[in-house]
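2 protein chains.
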Amino acid sequence: MKCTRCKAKAEVHLRAHNAGFCRPCYLEYFRRQVERTIARERMIGADDHVLVAVSGGKDSLALWDVLVGLGYRTTGLYLGLGIGEYSDRSHEKVETFAAARSLPLEVRTLAEQGAGLAVPDVAAATRRAPCAACGAMKRHFFDAAAHEGRFDVLATGHNLDDEAARLLGNVLRWQRDHLARQRPVLEPSHPKFVRKVKPLYLLSEYETAVYAFMRGIDYIVEECPNAEGATQLVYKDALDRLEAASPGTKRAFVKEYVRTIRPVFDTAAARDAPGECEACGMPAFGVLCSFCSLVREVEHKRARRAAAGLDA
Amino acid sequence: MKCTRCKAKAEVHLRAHNAGFCRPCYLEYFRRQVERTIARERMIGADDHVLVAVSGGKDSLALWDVLVGLGYRTTGLYLGLGIGEYSDRSHEKVETFAAARSLPLEVRTLAEQGAGLAVPDVAAATRRAPCAACGAMKRHFFDAAAHEGRFDVLATGHNLDDEAARLLGNVLRWQRDHLARQRPVLEPSHPKFVRKVKPLYLLSEYETAVYAFMRGIDYIVEECPNAEGATQLVYKDALDRLEAASPGTKRAFVKEYVRTIRPVFDTAAARDAPGECEACGMPAFGVLCSFCSLVREVEHKRARRAAAGLDA
């Protein structure tokens, strides 16, 4: 196959686009896709300071790399989730990436926030699925870091596969409020929030992997050990099969949803503006934000165990 | 496992309902489900004469059997599609079923309507997928038969798997007009139409198969030979995997859609009432109905082949 742009020998074949690219043209194509998405959805202004949430995986490091290449002012944010060796290795990848490019990086860890706040501990103490606990905590720390640091935008590396899987899950259960909020740009609903954007939401996992590989980005390849058996992976598998039978399915599913369907769910999601969490001061719909509720649950559990003489 | 109702030994286990049934209780459960669906959705009035579209497969014969058991006045309608031996065998099954129960049966065949109207011929002549050609023709003949015969309702055997697959396809492409029309009861939009209902739309393929087996219904087991590779089967396979990971997925997907989501798509589907087809007089949105357009295409093609000396 030949490169669709320059007719050199193609290195990548994108079935969903019925296109092939050589290495330089693929990198150009990928950057252009991100650039266009940012412009079309008005994700980032020219003077915005962007906080990029980086996990050490291909998506978030590819995103950071592209944003730097496009000339945006960026700072990385790494959150140590305390998932054993997996977290150690992903932290290393992020540090190496930032150091090699002299990029500013902020690092927080759940463990330093309080005892028992590493993801596995919270999941065990609250009997939540690890992915649910992890999601709530990440959201809190990302929001808090973006606010404290006076950033304008928080960018995450969610790709097309992530968004399609999330959309499929929302559609299978017809969760109207979740459907209403599934969008590539989330404007702040409170002064302590910043805009949240997903510039890779139309690029597949395969496309970001190829980009990271071609750019020589050293990322953590293994999946999070908690992800095994996660519902999200079942959705991804189903979508992979649908995509194989009809290339372009995922992209059309997500793109058409965002473009023409999502607004029909807006009324369902209309709710009052959030107040502020009594414990941490971040926006919250109840007395406590969902992170502080989690923390309370963990503390309560620890106190009970201590009283029963089970902990040191 | 024990029967959820009577504690006898269970013969069937329904994971989606987390229930098991012995044979008598299963038959009772199945009939009740159909009865409740008919009542909840106001599908059939007590005095209605129901035309039941029967293919010879498990779903439509199970439906006919249940409707007769519930005391409805029914007539079967079999449409010979001209799909070789498959059609011959399915015709036999329907005749045997009706004769054994002394039920009135009307039989039409596409071949008797005109030369080249068997499904494989129409598909070849119009270069349509066989399932698309077949769907358009079935719809026409069912509507026409229901109208001519002064029936009140047309009932089809679409089951939960059919409806979930159709919904998944409509959602993956976000076809708003198709989404708006996907409902278990379709009220007539023209005096020549009758109400169309799907009393089995919340019962799975497995459930109708078990019912047919327990009732000793002899049905055609093999799939239509044209179905191989059909997109519908890809959707069914994806849904089977999602169901296996989380039993009840299909039912929640379809039920919640019909109950709370479908109406949001109504405005998209609002279109003028149909006029009448110039050729056959049945309701049509254009000059010709979609069936007569197909027929014209076939005739045109045959005329060209004859002119070129290719046909006898």
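So the sequences go chain by chain: B and P. So for the first sequence, this note's numbering puts the first residue at 1; every next one is plus one. So for the second sequence, this note's numbering puts the first residue at 313; every next one is plus one. Heads up, the beta-carbon is just placed ideally off N, CA and C, and yes, glycines get one too.
- At a cut-off of 8 Å between beta carbons, residue 495 of chain P makes no contact with chain B.
- Residues of chain B whose Cβ lies closer than 9 Å to the Cβ of residue 553 of chain P are, in chain order, 234, 237, 238 and 241.
- With fewer than 16 neighbouring CB atoms inside 10 Å of its own CB, residue 579 of chain P falls in the exposed class.
- Counting the other CB atoms within 10 Å of its CB gives residue 537 of chain P a total below 16, which places it among the exposed residues.
- No Cβ of chain B is located within less than 8 Å of the beta carbon of residue 514 of chain P.
- At a cut-off of 8 Å between beta carbons, residue 486 of chain P contacts chain B.
- Membership of residue 388 of chain P in any alpha helix (DSSP H) is not indicated; the residue belongs instead to the beta strand (DSSP E) covering 385 to 392.
- Legend: CB atoms of the segment 139 to 150 of chain B lying less than 9 Å from CB atoms of chain P are not found in any residue.
- Residue 169 of chain B: member of the alpha helix (DSSP H) spanning 160 to 172, first to last residue.
- Under the Cβ criterion of 8 Å, residue 565 of chain P is counted among the residues facing chain B.
- Between the segment 166 to 180 of chain B and the segment 204 to 224 of chain B there are fewer than three inter-stretch CB-CB distances shorter than 8 Å, so the stretches are not counted as touching.
- Counting only the Cα atoms, residue 567 of chain P lies some 36 Å from residue 207 of chain B.
- Contacts with chain B at 8 Å (Cβ-Cβ) include residue 568 of chain P.
- Scanning P:486, P:383, P:485 and P:611 for the CA closest to the CA of residue 426 of chain P turns up P:611.
- With at least 16 other beta carbons inside 10 angstroms of its own, residue 157 of chain B counts as buried.
- It is roughly 29 Å from the alpha-carbon of residue 320 of chain P to the alpha-carbon of residue 511 of chain P.
- Counting of Cβ neighbours within 10 angstroms places residue 318 of chain P among the exposed residues, the total staying below 16.
- Cβ contact annotation for residue 559 of chain P (same chain, cutoff 7 Å, sequence separation greater than five): 327 and 328, in chain order.
- At a Cβ-Cβ threshold of 8 Å, residue 185 of chain B and residue 41 of chain B count as neighbours.
- The Cβ-Cβ distance between residue 273 of chain B and residue 154 of chain B does not fall below 8 Å.
- As DSSP reads the structure, residue 331 of chain P sits in a beta bridge with P:326.
- Taking each of B:31, B:143, B:180 and B:244 in turn and checking the Cα distance to residue 78 of chain B, the smallest one comes out for B:143.
- Taking CB atoms only, residue 557 of chain P has a neighbour in chain B less than 8 Å away.
- Residue 108 of chain B sits close to residue 141 of chain B, with the two beta carbons spaced by under 8 Å.
- In this structure, DSSP gives residue 336 of chain P a helical state, which the three-state scheme calls helix.
- Interface residue (Cβ-Cβ distance to chain B less than 8 Å): residue 386 of chain P is not classified as such.
- No Cβ-Cβ contact shorter than 8 Å links residue 569 of chain P with residue 370 of chain P.
- Between residue 220 of chain B and chain P, the shortest Cβ-Cβ separation is not below 8 Å.
- Within 7 Å of the CB of residue 408 of chain P, no CB atom of chain B is found; the nearest one sits about 37 Å away.
- Using a CB distance below 8 Å, no part of the segment 122 to 138 of chain B faces chain P.
- When the alpha-carbon of residue 387 of chain P is set against those of P:457, P:394, P:405 and P:431, the nearest one is in P:457.
- With a threshold of 16 other beta carbon atoms within 10 Å, residue 296 of chain B falls short and is exposed.
- Closest in alpha carbon position to residue 163 of chain B, among B:84, B:251 and B:87, is B:251.
- As the crow flies, the alpha-carbon of residue 118 of chain B is around 55 Å from that of residue 444 of chain P.
- Taking one beta carbon from each stretch, the segment 173 to 193 of chain B and the segment 24 to 34 of chain B have fewer than 3 pairs nearer than 8 Å; the two do not touch.
- Counted as a single uninterrupted DSSP element, the alpha helix (DSSP H) harbouring residue 452 of chain P occupies residues 442 to 460.
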